[in-house]
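> Keeping their order, the protein sequence lines are chains A and B.
Residue numbers for the first sequence follow this note's numbering, beginning at 2 and rising by one.
Residue numbers for the second sequence follow this note's numbering, beginning at 341 and rising by one.
Below is the structure I would like to discuss, written out as structure tokens.
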Amino acid sequence: MVTLPARFDAWFAARGWTVHPHQRDMLARADAPSLLLIAPTGGGKTLAGFLPSLIELAEGAQDGLHTLYVSPLKALAADIRRNLTAPVTEMGLPIRVEDRTGDTSYTQKRRQRADPPHILLTTPESLALLLSYPDAPRIFAGLRRVVVDEIHALAESKRGDQLMLALSRLQALVPDLRRVGLSATVEDPAAIASFLARHPDPCEILYADPGPDPDIAMLDTDAAPPWSGGGGRYAIPAVLEQVRRHRTTLIFHNTRAQAEIFFHELWLQNEDALPIGIHHGSLSREQRAKTEAAMVAGHLRAIVCTGSLDLGIDWGDVDLVIQVGAPKNVKRLVQRIGRANHRYNAPSKALLVPANRFEVVECVAALDAVTARDLDGDPRGPGPRDVLCQHILIRAASGPFAADDLYAEVTSAGAYRALTRAAFDACVEFVATGGYALRRYDQWQRLVLKDGMWQLRDPRGDLRVRQNIGTIMDTDLLKVRLRNRRGGTPLGEVEEGFAATLTPGDTFLIGGQIVRYEGLRETVVEVTRRPDKPPRIATFMGTKFATSTQLSHRILRMFAQDDWPELPDSTRAWLHLQRAASKLPEADRILVESFPFLGRAHTCIYGFAGRNAMQTLGLLVTARMEARGLHPLGFVATDYATLIWGLETVDDPAPLFDGAGLRAAFETWLAGNAVMKRTFKQSAVIAGLIDRQTRGQRKSGRQATFSADILYDTLRKYEPGHLLLDITREEALKGLVDFGRIEEMLARTAGRIDHVVADRPTPLAAPLFLEAGRVPVEGAGTDKLLADEAERLMEGAGLQITQEDARRWRVPF
Amino acid sequence: MRRAAGLDIERSMNFCDFDLCGERLRVLPTGAVWWPSARTLIVADLHLCKSERIARRSGQMLPPYETRDTLMRLDADLQATRPARVICLGDSFDDDAARSGLDEAETLWIARMQAGRDWIWIAGNHDPAPVDLGGAALDDLCSGALTFRHIAVPGAVGELSGHYHPKARLILRGRAISRPCCLYDTGRAILPAYGTYTGGLDWTDPGLARLFRPGACAILTGTRPCALPVPQRARA
């Protein structure tokens, strides 16, 4: 057993702390080349990561940088610095700790390069920037350890891939570098370990005591959830009651729009004026900082929030997490639950609020999965090559390199271990010459080969490389400001696409306020306050998460049961009705229902492939229906089904799902798709083909969008085999298109299609009619129409709809 | 000689007409303007060799196919209209040095398109008119009731110019549409940029608005050109 040095022992004792077993384990294995710690939040994870560094540095023998700490959040880096200050000053350790992020001042950054601290806390982007300087070898010369925090979150994005390429470079500079990863609970720890470690080094995984099982349940409400939509408004009285009973509650939503609307409604019913705040990624930094500060100071009883609070600073006082809407993904649910009760060995308390009746099923399935500790996730595939292209540029900015050396470094990153030499060379060629068959840029090429070493042709090109570092893409966001207060704090940001749909006079919600759209001034959306008018349009889109494969399978397994005593009566009766009127979807077959409604032929496909894939399926199937003269008019997709309406009845759905034909249609459809253009733009910026446009310099995002679209069209027309088109395809398939899930659906159903013809909408299909597709919710008149429609539909399907249901508000996203 | 009605463009009926000082002008889907009575085709802002200039100036290596693409569309418009005269309204090259970015095949291609017709290069602000490519190089040109120059002169009448790259932006049932367009009123017309890699200036931009009288119209380029009134900017 490892013993702590005396002054550390004394320090722990003075605070009444004992060293956790996993902190000791980390210490015992401090010499391991790679080490992954999986620990629940609040388990002293960060200290476990830093303890070996503090002990090694306590001797005072280290000159310069010893430990590099990388986290996905700037705020986390600053927070850790404050937390490390306590042991360092209280034990009188000769250790300098500094952070370095995008917010660090220029002079501070310069000084850090000349005289690095012992422990440097930073982000993947700031690290990449440091590595782009020619003096990188000197800065990192004495480095011993690198600690990657929240590695489970980084591993899901290109930021993580960039970080791992940076580590491969660091490891080449400092071969003895030891890597430590700190992760929340994940479904596949081995995948994170191989992501972290230098390939093919082994990476031991340490598990902290996961603590007691969370105390998690569905929230009891007086009212039954509505048939469709995602707002969770019906549950507000019950949610307020819970807020009253707890110290601090986090109320998670899946999208920003839902968070805004829920927050608004919460305040309308908040008779005790409980202090409740809001926090999401579209709010301005100042607004978020204000909410965070109020939270830390203990002034708030609840925060309505989104994924923006999935990571970050520990707020010890949170004693309840409420998840509104289906969790979609069990792993994320578990991580969210962990935000409650950050004290070691105290159970986290969480409540689920299904937003509609179908989500009741999904919530029950998710509860079962949490109890069974059965987490989900999809493997990420090989490392993206646009990030590799940027890494090559960064490497070139720091000085000449040999292709052989860089290839060896790059393939030591787990995600790139299978990268072929040919694929690597193609990326170098692209970075150097543009990679075009038409050799037009020979005299302007970016990298040149001199004496076997690649280098920047124009040494001043390093500046441009640095300005373009990073993989985070601001989707075109516009700031929202109150009119006539141009110097004031922005209220937040909306997507440019949303702003484009507004006409003066439209009202929407942002930061919990109702505002009226007045106009666009340069790149600022100008609004005025209108608290008297109800908001007509739901706010901007948030990220649309798709229900995970594993959770979808659990739902299908529940459908196979004879009865569902675990479900509330309303949902249970609904499923029985569906079984009587049609059938329930099964895992190894596709259920297709056809029925007439309102003079239109309707076809409902239950694919359970997640929202993105079901949307793609809708596009593909309608294209094939069009080709067969079935005149489809439109469709709407949810996580489990796609509902298509058109003029002609589908008599035989089987040919619509023929796998080979679907793939061929997919190829054609994909090439011209807007998703591809959007992906192309992102990859083109990351790979360095076009410059990242910073807020200050860009004239208008639309103009930029336009030009990237033209580049895409031109490249497709004249050089369809170009590397960047290949990368675009690969990235689009992983992302929004989600064709992989369609393939999974086709594979598990293998052509077994059940076609049910009914004379009216079936119970399971009925809620789909109430799903808002891509059309924004209109004013109150539309709401009334919808409510009437809802009643008619539900009665048609043999269901009773309550007065409460009819009055309920829907949210489209 | 073929009669006008025998031209592909006349058969296709795919254009949008407007009148300027008594002359009938037709905007083609590409943004070229066809002046049938003078058998003249007018294009603005070709910006040939733009990718070459961008590579030289900023190091970005865009797909180097825009010159080929621009010439291809121009060639197709020539086939469809068989003009006796072509007028390029300036900024035909992205800058003076870009002229050297034309490769031999492209130079020959231009010479082939010039054969058997008058070709006029109006000087632009990016490029003086190229003197070594065949055709005549002029600062501006008067022909009948019409005047051709690169940058519109306030108060001019019967003027066709380029330079501004006007572009229409509008929302159709929640869908944002953005297309290069030809702006005109009773006194002048400003043509959209013809080159493949050209950005655009919003049609309601004050810089454009002050050149036009109230009631100006725009003809949007695209598969089917169509005319729309230019919206009044809500506020300056």
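Note that the Cβ used here is the ideal one computed from N, Cα and C, for glycine as well.
1) Just to confirm before moving on: does the CB-CB distance between A:R180 and A:H67 stay below 8 Å?
2) Check the Cβ-Cβ distances between A:Y719 and every residue of chain B, and say whether any is below 8 Å.
3) Taking only beta-carbon atoms, is B:Y524 less than 8 Å away from chain A?
4) Using a Cβ-Cβ distance under 8 Å, would B:Q400 count as near chain A?
5) Quick one: using the 10 Å Cβ neighbour count with 16 as the cut-off for buried, is A:L634 buried or exposed?
6) Using only the alpha-carbon positions, how far apart do A:G608 and A:H280 sit?
7) Is it true that the stretch 352-369 of chain B meets the stretch 554-566 of chain B, where meeting means three or more beta-carbon pairs spaced less than 8 Å apart?
8) For A:Y713, which of helix, strand or coil comes out of DSSP?
9) Would you say A:G543 reaches chain B, if we count a Cβ-Cβ gap shorter than 8 Å as a contact?
10) What is the DSSP secondary structure of A:F609, counted as helix, strand or coil?
11) Can you find a C-beta in chain B that's less than 8 Å from the C-beta of A:I81?
12) Considering Cα atoms alone, identify which of B:R550, B:D480, B:A508, B:D443 is closest to B:A499.
13) Between A:H265, A:A156, A:Q446, which has its C-alpha nearest A:G378's C-alpha?
14) At a CB-CB cut-off below 8 Å, which residues of chain B make contact with A:L439?
15) Out of A:R447, A:L578, A:I511, A:L178, which one is the CA nearest neighbour of A:Q259?
16) Return the chain-ordered list of same chain residues with a C-beta closer than 6 Å to the C-beta of A:L94, the five sequence neighbours on each side being excluded.
17) Who pairs with A:S106 in a beta bridge, going by DSSP?
18) Taking the beta strand (DSSP E) that A:F509 falls in, what are its first and last residues?
19) Quick test of the definition: if touching needs 3 or more C-beta pairs under 8 Å, does the stretch 346-357 of chain B touch the stretch 539-553 of chain B?
20) Check for me: the beta strand (DSSP E) holding A:D320 runs from which residue to which?
21) So, for A:T706: in the same chain, excluding its five sequence neighbours on each side, which residues have a beta-carbon less than 6 Å away from its beta-carbon?
22) Mind checking A:H877: buried by the 16 CB within 10 Å criterion, or exposed?
23) Alpha carbon to alpha carbon, how far is A:G65 from A:L144? Give it in angstroms, no decimals.
24) Which residues in chain A have a C-beta closer than 7 Å to the C-beta of B:A395? List them in chain order.
25) Just verifying my parser: in three-state terms, what is the DSSP assignment at A:I277?
26) If contact means a Cβ-Cβ distance below 9 Å, which residues of the stretch 382-393 of chain B contact chain A?
27) List the residues that DSSP assigns as beta-bridge partners of B:E350.
28) For the stretch 623-648 of chain A, which residues have a beta carbon sitting closer than 8 Å to at least one beta carbon of chain B?
29) Where does B:R397 land, buried or exposed, given buried means 16+ other C-beta within 10 angstroms?
30) Given 7 Å as the limit, tell me if A:D369 has its C-beta closer than that to any heavy atom belonging to the ligand SAM.
31) Kindly identify the DSSP beta-bridge partner or partners of A:Y408.
32) Taking all protein chains shown into account, decide if A:L648 is buried (16 or more other Cβ within 10 angstroms of its Cβ) or exposed.
33) In terms of alpha-carbon separation, which member of A:T572, A:I152, A:L644 lies closest to A:A224?
34) Just grab the DSSP bridge partners of A:T421 for me.
35) Using alpha carbons as the reference points, say which of A:H392, A:I470, A:A366, A:F681 lies closest to A:T550.
36) Across which residues does DSSP place A:Q456 in a beta bridge pair?
Looking at the coordinates:
1) no
2) yes
3) no
4) yes
5) exposed
6) 34 Å
7) yes
8) helix
9) In this prediction, A:G543 scores a pLDDT of 39, lower than 50, which makes its location untrustworthy; the coordinate-derived value is nonetheless stated afterwards. Chain B contact via Cβ: absent.
10) coil
11) no
12) Reading off the sequence, residue 499 of chain B comes out as Glu, not Ala. The candidate whose alpha carbon is nearest that of B:E499 is B:D480.
13) A:A156
14) P404, Y405
15) A:I511
16) A59
17) Per DSSP, none; premise fails for A:S106.
18) 508-511
19) no
20) 319-325
21) Reliability of the predicted coordinates at A:T706 is poor, the pLDDT of 40 falling under 50, and no value is obtained from them.
22) The displayed coordinates of chain A run from 2 to 814. Any statement about residue 877 of chain A would go beyond what the structure contains.
23) 8 Å
24) Y442, W445
25) strand
26) S391, E392
27) Note: B:E350 sits in no beta bridge, so no partner.
28) none
29) exposed
30) Absent from the structure shown: the ligand SAM. Ligands present: none.
31) Answer is none; A:Y408 lacks a bridge partner.
32) exposed
33) A:T572
34) According to DSSP, A:T421 bridges with nothing at all.
35) A:A366
36) A:V449
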